[in-house]
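Okay, so here's the structure we're looking at.
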Amino acid sequence: MVKVVSRPQHEHSLQEDLLKRKEQHVARGFHARHPLFILEGHNSFLKDVDGKVYIDFTSGIGATNAGHSNPAVVDAIKRQLDHITHISFSTSYYQSYVDVCEKLNGLVPIRGQAKSALFTSGAEAVENAIKIAKVATGRKAVVSFEHGFHGRTLMTMTLSAMIKPYKKGFGPFAPEVYKLPHPYQYRMPNKMTEESYVKQLLEDIEEQFFVDVVDPDDVACLIMEPITGEGGFLVPPVSYIQKLRKLCQKHGILFVADEIQTGFCRTGKMFATEHFDIKPDLITMGKSLSNGMPLSAVSGRAEIMDAVSEGGLGGTFAGHPASCAAALATIDYYEHYKLWERAEHIGNVIRKKMHAWKEQFTSVGDVRGLGAMNAIELVKDRRLKTPDEHLTKKIIDQARLSGLLLLKSGIYENVVRTLPPLTIEDSTLHEGLEIFEKTLRHLH
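The numbers in the sequence shown follow the numbering used here, run straight up by one, and end at 1760.
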């Protein structure tokens, strides 16, 4: 059971002290959705500095699929640190970097021989995927999607949607980036079927986008999240992705799958791309690649990855030894315990509950997701589908007070998403969903 700690009014709170210090010493741009200071985490639980325990349905924004402080991962990191804390792969080599690349090359759904490169953050991986694609094709333009999110660097901000809070005031942005509308079945035009919707979206690319917006012969790559993260967990139709992939091949455009949040068992497959039965040219990874340690990667067809000249890729901390050790232990854990199967089970439990909520609560307009990556979209009016961002905020705040951590997403800020660790016990999962349901009922 979640431990809810209530203090007498006069009792001292370390958290309140730390929040004051944070306001005084930390740049305002850093802002947490939950005003908590976390002391420790184990599996699917987090404990704050005042002793309150929470069920975590966020996994550090999908970064700890194997659970907080997984003993196998922690032990691997400790063993590595006993040998050496840091050596840059740009000055001399070390085996664990090669081991991770070799492991990824055998896992990624890439056609033919694959090669990999390691970096530090998801945004770095995306930046370098774009660099690689430009060199490999000799082209300069990039296509991304509305509702997408790829990071906070200049290029990745340009690729992303949502001006607030991610882009406001940071322009001018990178040139030669063009955006396509993302499939959004819940909000597709009335009287359209999914089939006609997909047909229209693809026709618009060929007949308008590639005529009036950008010449396809100038496009190096198209980058897309198989399921949007910050964009509201939008799951595109399989037929759309498959036909889009063929369209890219027709025009010599590289298809880049951003699997930073969707990868490593989260959706019920090792990679979400596998649900769509396509082979990307490049894949970006991060987050749960190393179960919370700073590590990211780009994997792709060998001839594309080798297009960059020697010294063209790198970084002081890219592929840090401790993070590589964590990644090797994490991937072994995924494979040993078949966490993709666990993700399917978790997702089935969550979606069953969410669909029941849709029947009970008129504010639940849509339920969507794959595996253990699921969300509800909240609306004021089901017929008009008016986003209810205020209810979304209230639910997340009230759930926290009851011992459950959730996150919002979506460009309208009206989507509540769930990303529990894939190691969460069934009893804890049900307890978290019970808190979620009680919160919905209380605020409905």
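Each residue gets a CB set at the ideal place from its N, CA and C atoms; glycine is no exception.
Return the residue from the list Ala1688, Leu1720, Glu1693 and Leu1759 that minimises the CA-CA distance to Gly1378. In the sequence shown, the residue the question calls residue 1378 occupies position 62. Comparing Cα positions, the closest option is Ala1688.
Spatial neighbours of Leu1335 within its chain, please: C-beta separation below 8 angstroms, excluding the five flanking residues on both sides. Within the sequence shown, the letter at position 19 stands for residue 1335. Cβ neighbours of Leu1335 beyond the five flanking positions: Pro1351 and Phe1353.
Between the C-alpha atoms of His1770 and Phe1526, what's the straight-line distance to the nearest angstrom? Residue 1770 cannot be examined here, being either before or after the span of the chain that is shown, 1317 to 1760.
Arg1323 (DSSP reduced to helix, strand or coil): To locate residue 1323, count along the sequence shown from 1; it is residue 7. For Arg1323, the pLDDT reaches just 48, beneath the cut-off of 50, and the residue's location in the model is therefore unreliable, leaving the point undetermined.
Rounded to the nearest angstrom, how far is the Cβ of His1491 from that of Pro1553, given a contact under 8 angstroms? Along the sequence shown, read from residue 1 onward, the residue named residue 1491 stands at position 175. Along the sequence shown, read from residue 1 onward, the residue named residue 1553 stands at position 237. For the record, residue 1491 in the displayed sequence is Pro; it is not His. Between Pro1491 and Pro1553, the beta carbon gap of about 31 angstroms keeps them out of contact (Cβ cut-off 8 angstroms).
Integer-rounded CB distance, given that Arg1468 should sit under 8 angstroms from Ala1445: Looking up residue 1445 in the sequence shown gives position 129. Looking up residue 1468 in the sequence shown gives position 152. The pair is not a contact, with the Cβ atoms about 16 angstroms apart (cut-off 8 angstroms).
With 16 as the cutoff for other CB atoms within 10 Å, does His1287 come out buried or exposed? Here the chain has residues from 1317 to 1760 only, and residue 1287 is not among them.
Strictly by DSSP, which residues pair up with Lys1724? For this step, residue 1724 is matched to residue 408 along the sequence shown. Its beta-bridge partners are Val1732.
Rounded straight-line distance, which links the Cα of Lys1566 to that of Arg1349: Here residue 1349 corresponds to residue number 33 of the sequence shown, with the count starting at 1. Here residue 1566 corresponds to residue number 250 of the sequence shown, with the count starting at 1. Between Arg1349 and Lys1566, the alpha-carbon positions lie close to 43 angstroms from each other.
Based on Cα-Cα distance, which residue from Asn1607, Ile1620, Lys1595 and Glu1462 lies nearest to Thr1544? Start at 1 with the first residue of the sequence shown, and residue 1544 comes out as number 228. Closest by alpha carbon: Glu1462.
Which class does Phe1361 belong to by DSSP, given the choice of helix, strand or coil? If you number the sequence shown from 1, residue 1361 lands on position 45. Taken through DSSP and simplified to helix, strand or coil, Phe1361 comes out as strand.
The beta strand (DSSP E) that contains Ser1404, what's its start and end? If you number the sequence shown from 1, residue 1404 lands on position 88. Taken as a continuous stretch (DSSP letters only), Ser1404 belongs to no beta strand (DSSP E), as it is neither H nor E.
Name the DSSP bridge partner or partners of Pro1703? Within the sequence shown, residue 1703 is the residue found at index 387, counting from 1. For Pro1703, which the question treats as bridged, DSSP gives the partners Val1695.
Out of Ser1460, Lys1507, Pro1505 and Lys1484, which has the shortest C-alpha to C-alpha gap to Ile1521? Here residue 1521 refers to the residue found at position 205 when the sequence shown is read from its first residue. Looking at Ser1460, Lys1507, Pro1505 and Lys1484, the one whose alpha-carbon comes closest to that of Ile1521 is Ser1460.
Taking one C-beta from the region 1400 to 1408 and one from the region 1623 to 1643 each time, how about it: are there three or more such pairs within less than 8 angstroms? The region 1623 to 1643 and the region 1400 to 1408 touch, with three or more beta-carbon pairs separated by less than 8 angstroms.
For Ala1452, which residues from the same chain have a beta carbon less than 6 angstroms from its beta carbon, with the 5 sequence-adjacent residues on both sides left out? Walking along the sequence shown from the start, residue 1452 turns up at place 136. Result list for Ala1452: Ile1620 and Ala1623, in chain order.
Residue span of the alpha helix (DSSP H) that contains Cys1564, given as start and end: The sequence position of residue 1564 within the sequence shown is 248, counting from 1. DSSP places Cys1564 in the uninterrupted alpha helix (DSSP H) bounded by Val1554 to His1567.
For the alpha helix (DSSP H) containing Cys1581, name the first residue and the last one. Here residue 1581 is taken as the residue at index 265 of the sequence shown, counted from 1. Bounds of any alpha helix (DSSP H) do not take in Cys1581, whose DSSP letter is neither H nor E.
Member of Leu1550, Arg1503 and Phe1580 whose CA lies at the smallest distance from the CA of Glu1657: Here the question's residue 1657 lines up with position 341 in the sequence shown. Looking at the Cα atoms, Phe1580 is the closest of the given residues.
Span of the alpha helix (DSSP H) holding Met1601? Position 285 of the sequence shown, counting from 1, holds the residue named residue 1601. Element bounds for Met1601: not the alpha helix (DSSP H) but the beta strand (DSSP E), Leu1598 to Met1601.
Ends of the beta strand (DSSP E) at Ser1432? To locate residue 1432, count along the sequence shown from 1; it is residue 116. Following the DSSP letters along the chain, one finds Ser1432 inside the beta strand (DSSP E) bounded by residues Ala1430 to Phe1435.
Let's test the definition: count the other Cβ atoms within 10 Å of the Cβ of Tyr1502 and tell me whether it reaches 16, buried, or not, exposed. Residue 1502 sits at position 186 when you count from the first residue of the sequence shown. An exposed status is given to Tyr1502, since fewer than 16 other beta-carbon atoms sit within 10 Å of its beta-carbon.
Simplified DSSP assignment, three categories, for Asn1386: For this step, residue 1386 is matched to residue 70 along the sequence shown. Under the three-state reduction of DSSP, Asn1386 is assigned to coil, being neither helix nor strand.
Boundaries of the alpha helix (DSSP H) in which Glu1412 is found, first to last residue: Here the question's residue 1412 lines up with position 96 in the sequence shown. The question names Glu, but residue 1412 in the sequence shown is Ser. First-last of the alpha helix (DSSP H) with Ser1412: Gln1411 to Leu1423.
Would you check if the region 1689 to 1698 and the region 1727 to 1744 touch, i.e. whether three or more CB-CB distances between them fall below 8 angstroms? Here the region 1727 to 1744 lies against the region 1689 to 1698, with 3 or more beta-carbon pairs under 8 angstroms apart.
State the start and end residues of the unbroken beta strand (DSSP E) segment that holds Ala1613. The count along the sequence shown starts at 1 and reaches residue 1613 at position 297. Segment Ser1612 to Arg1617, the beta strand (DSSP E) holding Ala1613.
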